[in-house]
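Numbering (this note's numbering), first residue to last: 120 to 363.
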């Protein structure tokens, strides 16, 4: 089956192919237009994958090779003893796939995955990443997700408060599998960034978080592992719930 080839335009699959090519290190613009530059990039990718014909036409074998990072991120995992472990394992598995933006701020196939098909400048995706990880882990562990899927840090905090699993930094005692929330310095009722707690070291938490970078920005471009101080942050204590 041919998914796309030179001359195809304004196609979702063309855009996806172009985004994957960028993520695999080939330089082009994901504009939905399968022109000469895209064909050349496809041939280069195919040539680097044994068993794939380097003819510039995207068939099933080429598309499968392009999508390998997504398969890595969502590959089945051995069932651990607790939901908390499942959450941490799934977050670490996504980190291995190095999800990041492509094509502009808050754009690309990873952003659409975490934000339920949405991308673009308004779609800051840190809460979408957390929601995807938690919901996926709960499904894999065989329990109902305690939190509704959301792309809003404020909504995460609101849900946690209603479930009585919300805590302020110094009194939180977070554990792996919990969620941290960065508080706006201008308004303590405004939460501006979030991520998954993967470990605790004294007064710090180890985290995996989306829409950040190595500098810890809340408007970054990738999924990263970070270290964050506990004290100034709020937490969603999923570890307080049964099954975790």
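Where is the CB? At the ideal position from N, CA and C, for every residue including glycine.
Residues near residue i in its chain [Cβ-Cβ closer than 7 angstroms; skip 5 each side]
i, result
"residue 363", "With a pLDDT of only 48 at residue 363, under 50, the local geometry of the prediction cannot be trusted, and the value read off the model is given with reservation. Excluding positions up to five away in sequence, the list reads 201, 202, 203, 296 and 357."
Pairwise C-alpha distance: residue j and residue i
i, j, result
"residue 124", "residue 147", "15 angstroms"
"residue 126", "residue 153", "6 angstroms"
"residue 161", "residue 234", "27 angstroms"
"residue 349", "residue 322", "6 angstroms"
"residue 77", "residue 214", "Any answer about residue 77 is impossible in this case: the structure gives the chain only from 120 up to 363."
"residue 341", "residue 128", "28 angstroms"
"residue 262", "residue 252", "14 angstroms"
"residue 168", "residue 221", "22 angstroms"
"residue 242", "residue 225", "6 angstroms"
Residue i, buried or exposed, once every other Cβ within 10 Å from all chains shown has been counted against 16
i, result
"residue 346", "exposed"
"residue 289", "exposed"
"residue 329", "buried"
"residue 238", "buried"
"residue 227", "buried"
"residue 353", "buried"
"residue 270", "buried"
"residue 292", "exposed"
"residue 155", "exposed"
"residue 306", "exposed"
"residue 210", "buried"
Three-state secondary structure assigned by DSSP to residue i
i, result
"residue 310", "strand"
"residue 157", "helix"
"residue 287", "strand"
"residue 318", "strand"
"residue 138", "helix"
"residue 269", "coil"
"residue 176", "coil"
Rounded Cβ spacing between residue i and residue j (contact assumed at less than 8 angstroms)
i, j, result
"residue 179", "residue 120", "6 angstroms"
"residue 192", "residue 216", "4 angstroms"
"residue 355", "residue 300", "7 angstroms"
"residue 273", "residue 310", "6 angstroms"
Close beta carbons around residue i, own chain, < 6 angstroms, minus the five adjacent residues each side
i, result
"residue 185", "139"
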